[in-house]
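Down below is the structure, laid out as structure tokens.
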């Protein structure tokens with residue numbers, strides 16, 4: 003037969019279990035705005051009956067129930083959705099990082115307003131054309147305009163060159179920062195693995211550590227494309243390409259090789275395979291995108307210098323002297339400038355036969371704008387720049403489109419995750435009321451049993467005395 007003390011123990015277990023459930027609700031509500039938090043749910047289960055079965059059977063009509071306990075606090079989390087989210091995160095940052103750079107490149111190439119390269123080239127050709135009109139060939143003022151427009155054009159090309167060099171510097175700096183973050187995240191995951199193993203080995207369920215682990219994995223996936231494998235007690239192994247970045251308490255180390263083109267390698271010098279994420283985007287930006295734009299600018303500058311100088315050196319200046327190169331390129335950064343001798347406008351070689359009024363050379367230089375160049379694949383400087391501008395705009399729009407698409411897909415997956423793991427305050431309020439009443443009921447049972455025991459202790463045997 004069960005004693006009153008058994009009932010007290012049963013009621014106490016009910017009160018303690020529901021008190022723990024209420025604490026779980028409080029934890030959920032407190033983390034309702036925490037990024038990456040997964041809602042926790044206490045799992046109630048009947049505690050073991052008493053007494054346990056034996057060969058002697060159950061005395062006193064047992065076994066008797068002993069109440070309820072929290073078997074575990076489960077974490078509401080969808081592993082498959084988390085994997086999809088990591089993959090989409092890598093893809094999104096791959097396109098978004100490129101979009102940021104292609105937008106800047108389009109601005110550099112187009113240079114909207116009155117200082118665009120196409121506008122300045124037209125002014126330069128028009129200045130030479132003006133020298134061919136009437137008596138203008140001998141006008142030093144118009145010759146000075148030719149020199150001035152040449153300097154403006156050279157300054158614009160140099161500005162574009164500096165802007166592209168700055169983009170290269172920015173992309174390399176961002177790449178180094180990204181690799182530093184990858185290493186820090188890998189170390190953080192290894193540390194979490196160590197804590198998870200200890201807690202899991204003791205039979206615990208470290209839900210908050212799992213959330214911390216998944217936040218680290220999500221951030222890591224935005225940088226590089228990773229594969230994640232969960233092992234014993236919830237520790238994870240993270241691979242990058244064919245090598246392990248994190249395994250247990252081990253964390254690999256990546257570094258940016260100081261060479262050109264940019265490469266990422268492991269600490270032992272082996273090349274690291276990165277195909278998605280911010281790091282892959284930065285590698286492509288530096289090694290392909292910016293390099294391609296620089297090649298376009300270099301080709302245009304070379305064609306301009308070769309075309310103008312080859313004609314100008316075959317002419318004569320206002321004093322009948324042989325023409326000098328109009329443009330010059332100097333330094334490791336290939337700075338373009340008008341030859342210093344042109345500070346004297348009389349040195350502009352507009353004549354083809356040495357006579358002061360002849361403008362044959364000026365006319366030939368003015369015609370370069372539509373003349374095919376072997377340095378540009380048999381297209382004119384104007385056609386080359388127009389095609390270059392079109393390609394830059396097209397690539398920028400492509401990156402914008404791909405970034406927008408993957409962002410929409412990422413947001414959709416995030417909504418799915420929220421429906422599974424997010425904290426709904428209305429639901430938590432309902433569960434709080436339910437468990438508060440269950441706790442109160444268990445407490446009421448304790449009160450009743452206390453009264454029963456008081457009656458037994460204080461009054462049993464008193465009647466009839």
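In my numbering, the protein residues as written are 3 to 467. Even for Gly, the Cβ is constructed at its ideal location relative to N, Cα and C.
Residue 456 is classed as exposed because its beta carbon has fewer than 16 other beta carbons within 10 Å across all chains shown.
Contact between the segment 9-27 and the segment 198-205 is absent, with fewer than three C-beta pairs closer than 8 Å. Under the 8 Å Cβ criterion, the segment 292-300 counts as touching the segment 152-170, having at least three qualifying pairs.
In the structure shown, residue 136 adopts coil according to DSSP, grouped into three states. Put simply, of 127, 160, 135 the residue whose alpha carbon is nearest the alpha carbon of residue 151 is 127.
As DSSP reads the structure, residue 335 sits in no beta bridge. DSSP, reduced to helix, strand and coil, places residue 264 outside both helices and strands of the structure shown, so it counts as coil. Counting along the chain, residue 74 sits inside the beta strand (DSSP E) bounded by residues 70-77.
Note that the C-beta distance between residue 419 and residue 43 is not below 8 Å. Within the model, the alpha-carbon separation for residue 301 versus residue 122 is close to 17 Å. For residue 230, the enclosing beta strand (DSSP E) stretches over residues 229-232.
Cα atoms of residue 328 and residue 303: separation of roughly 13 Å, rounded to the nearest angstrom. Take the alpha-carbon of residue 350 and the one of residue 262: they are about 41 Å apart. Going by DSSP, residue 43 is part of the beta strand (DSSP E) stretching over 42-48. Contact check for residue 218 and residue 191: beta-carbon distance about 5 Å, within the 8 Å limit, so the pair qualifies. In this structure, 299 is the residue among 237, 299, 119, 347 with its C-alpha nearest to the C-alpha of residue 166. If you compare the alpha carbons of 46, 285, 438 with that of residue 176, the shortest gap goes to 285. Assignment of residue 327 by DSSP, reduced to helix, strand and coil, places it in the coil class. Going by DSSP, residue 411 is part of the alpha helix (DSSP H) stretching over 383-423. Beta bridge pairing from DSSP links residue 245 with 242.
Its chain contains 38, 84 as the residues whose beta carbon lies nearer than 7 Å to that of residue 216, once the 5 sequence neighbours on both sides are disregarded; these appear in chain order. Between the segment 219-236 and the segment 84-95, the count of Cβ pairs shorter than 8 Å is three or higher; the stretches touch.
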